[in-house]
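**Student:**
Residue numbers (the numbering used here): 56 to 194.
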């Protein structure tokens, strides 16, 4: 469950107590980060992707499960109930990655981007500075 809003419109992740679920693709039921982007006036759900993209069926399954959990959180009313100030904002799902996605992940993300775009939701991938060059994502 995300923490309550702070004064800078950011809902930072709080440290997890011992034994609590972790973050990232390996933990599809956990919302890694929820924030308000005041520049774009959007609610932003961020997925932390720290492991290298390997194109495995397992990793693609975990990515799909994480995206489904985020969409469920947003579209089934849980986000609006817990954070009513974000309910009317456009939604962006952002994948914050240390590595460039492999071709299989890019293909999946492109399909997801097209589908959720029909509902007015955007999907973006941010690759941190210093990552080795890799795949360019379709726009």
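Note that CB positions come from ideal geometry on N, CA and C, so glycine has one too. All values reported here derive from a predicted model rather than from experimental measurement.
1) Go through the segment 148-191 residue by residue and report every complete run of the beta strand (DSSP E) that reaches 3 residues or more, in order.
2) Quick one: what's got a C-beta closer than 6 Å to residue 182's C-beta in the same chain, skipping five residues either side?
3) In angstroms, rounded to a whole number, what distance separates the CA positions of residue 109 and residue 135?
4) Taking the alpha helix (DSSP H) that residue 95 belongs to, which residues open and close that run?
5) Would residue 145 and residue 179 be called neighbours here (beta carbons separated by less than 9 Å)?
6) Nearest to residue 117 by alpha carbon, out of 131, 163 and 88?
**Tutor:** This is what the structure holds:
1) The beta strand (DSSP E) runs lying completely inside the segment 148-191 and spanning 3 residues or more are 177-182, given in chain order.
2) Closer than 6 Å at the Cβ level, and outside the excluded window around residue 182, lie 152 and 155.
3) Looking at the two C-alpha atoms, the distance is approximately 35 Å.
4) Where residue 95 is concerned, there is no enclosing alpha helix (DSSP H), because DSSP gives it neither an H nor an E.
5) Contact check for residue 145 against residue 179 fails: the beta carbons are separated by 9 Å or more.
6) Ranking 131, 163 and 88 by Cα distance to residue 117 puts 163 first.
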